[in-house]
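K.L.:
As they're listed, the protein sequences go chains R and W.
Numbering of the first sequence is given in the working numbering, commencing with residue 1123 and proceeding in unit increments.
Numbering of the second sequence is given in the working numbering, commencing with residue 1123 and proceeding in unit increments.
The beta-carbon is built from N, C-alpha and C at its ideal position, and this holds for glycine as well.
Fair warning: this is a prediction, and the values are worked out from it, not measured in the lab.
For reference, the structure I am asking about is given below.
2 protein chains.
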Amino acid sequence: MLTRIDHIGIACTDLDATAAFYRTTYGFEVFHTEVNEEQGVREAMLRINGTDDGGASWIQLLQPLDADSPVGKWLAKNGEGVHHIAFGTADVEADAETARQAGVRVLYDTPRAGSMGSRITFLHPKDCHGVLTELVTAVPPKAVEGASGH
Amino acid sequence: MLTRIDHIGIACTDLDATAAFYRTTYGFEVFHTEVNEEQGVREAMLRINGTDDGGASWIQLLQPLDADSPVGKWLAKNGEGVHHIAFGTADVEADAETARQAGVRVLYDTPRAGSMGSRITFLHPKDCHGVLTELVTAVPPKAVEGASGH
């Protein structure tokens, strides 16, 4: 069951400048940064609020590692902006299967590594009214606190 | 101070079909619908989770009332997808002023009427790394419960 808006993924050309914009304009601080080679991105996670399922909602800023990566190609076509949205669940496999049963193409056969140790998959935007949609099972917050270093 | 992701605004061509997709695929139910003539949209609010500031996070589905409305023009150019994101605050005027001071163009001189009695303004996407960004002061949840009828 999907129990929260986990994050909004925003593609940008300069991660540091975009993070500085979010800090200066809104007061949102970077909680965590990492490179995800498989996804081809450098990313910054800004924690916005806690959620009533015990998780949190984030802004995820994404800078492509190179122009040929999926986010790199997306940026070249669309310019900076919202790249995807993500819903949080305790069981990403179960919710991916529910989506499959509803006729939605799931991009991975099994979940892959997302931000901060999470496990993720994506649903095809053409099957989701134009919205690239991610499903996320996050690592429990206490484990993230122990592991985070930014 | 911005204290939550209030909603993700998604533009669609058929509000009922898109709401049915969100119900079937994810289990998200429509909590409220309304027409906002000033914004030129018919909209459906899907409540996703509660937030630790006492508010909630929503998916907002938007169908333009006509092709010449801002969302109608946006849809013709971009197709269905994420139209804007919104952050919640107890004081939309104060946060709009903070954004102004940071050099961001605020689209309204004073806040206008948003979903479910909220007061809203928008920040220019060209000043926000490509993201049309709304600031929202919601009506307290108990008042919304009393007023909602869908």
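DSSP state of R:Cys1134, grouped into three classes?
P.N.:
Locating residue 1134 of chain R in the first sequence gives position 12, counting from the first residue. Coil.
K.L.:
Is the Cβ-Cβ distance between W:Pro1110 and W:Gly1203 less than 9 Å?
P.N.:
This structure does not reach residue 1110 of chain W, given that chain W is present from 1123 up to 1272, and the question cannot be answered.
K.L.:
Please name the residue or residues paired with W:Trp1180 in a DSSP beta bridge.
P.N.:
In the second sequence, counting from the first residue as 1, residue 1180 of chain W sits at position 58. Paired residue(s): W:His1129, W:Arg1169.
K.L.:
Note the first and the last residue of the continuous beta strand (DSSP E) segment covering W:Thr1220.
P.N.:
In the second sequence, counting from the first residue as 1, residue 1220 of chain W sits at position 98. Looking at the DSSP string, W:Thr1220 is not in any beta strand (DSSP E); the run it does join, the alpha helix (DSSP H), is 1214-1223.
K.L.:
Is there contact between the stretch 1195-1214 of chain R and the stretch 1162-1171 of chain R, where contact requires at least three CB pairs shorter than 8 Å?
P.N.:
No, they do not touch.
K.L.:
Give the list of continuous beta strand (DSSP E) stretches no shorter than 3 residues that lie fully inside the stretch 1235-1269 of chain R.
P.N.:
1241-1245, 1255-1259, all fully within the stretch 1235-1269 of chain R.
K.L.:
Taking DSSP as the reference, what is the three-state secondary structure of R:Thr1232?
P.N.:
Indexing the first sequence from 1 puts residue 1232 of chain R at position 110. It is coil, neither helix nor strand.
K.L.:
Using a Cβ cut-off of 7 Å, pull out every chain W residue sitting near R:Met1123, in sequence order please.
P.N.:
Translated into positions along the first sequence, residue 1123 of chain R becomes position 1. Neighbours of R:Met1123 on chain W, chain order: Gly1149.
K.L.:
Spell out whether any CB of chain W is found under 9 Å from the CB atom of R:Ile1242.
P.N.:
Indexing the first sequence from 1 puts residue 1242 of chain R at position 120. Judged by the 9 Å Cβ criterion, R:Ile1242 is not in contact with chain W.
K.L.:
Along the chain, where does the beta strand (DSSP E) that runs through W:Ala1208 open and close?
P.N.:
Counting from 1 along the second sequence, the entry for residue 1208 of chain W is found at position 86. Note, W:Ala1208: beta strand (DSSP E), 1203-1211.
K.L.:
Would W:His1246 count as contacting chain R if we go by Cβ distances under 9 Å?
P.N.:
One-based indexing of the second sequence puts residue 1246 of chain W at position 124. No, W:His1246 lies away from the interface with chain R (no Cβ there is under 9 Å from its Cβ).
K.L.:
Note down, in chain order, every chain R residue with its Cβ under 9 Å from the Cβ of W:Asp1138.
P.N.:
Position 16 of the second sequence holds residue 1138 of chain W. Within chain R, no residue comes near W:Asp1138; the closest Cβ sits about 12 Å away, beyond 9 Å.
K.L.:
Does any residue of chain R bring its CB to less than 9 Å from the CB of W:Glu1202?
P.N.:
The residue labelled residue 1202 of chain W in the question sits at position 80 within the second sequence. For W:Glu1202, the answer is yes, since a Cβ of chain R falls inside 9 Å of its Cβ.
K.L.:
Would the stretch 1141-1156 of chain W count as touching the stretch 1147-1158 of chain R if we require 3 or more Cβ pairs under 8 Å?
P.N.:
Segments in contact, no.
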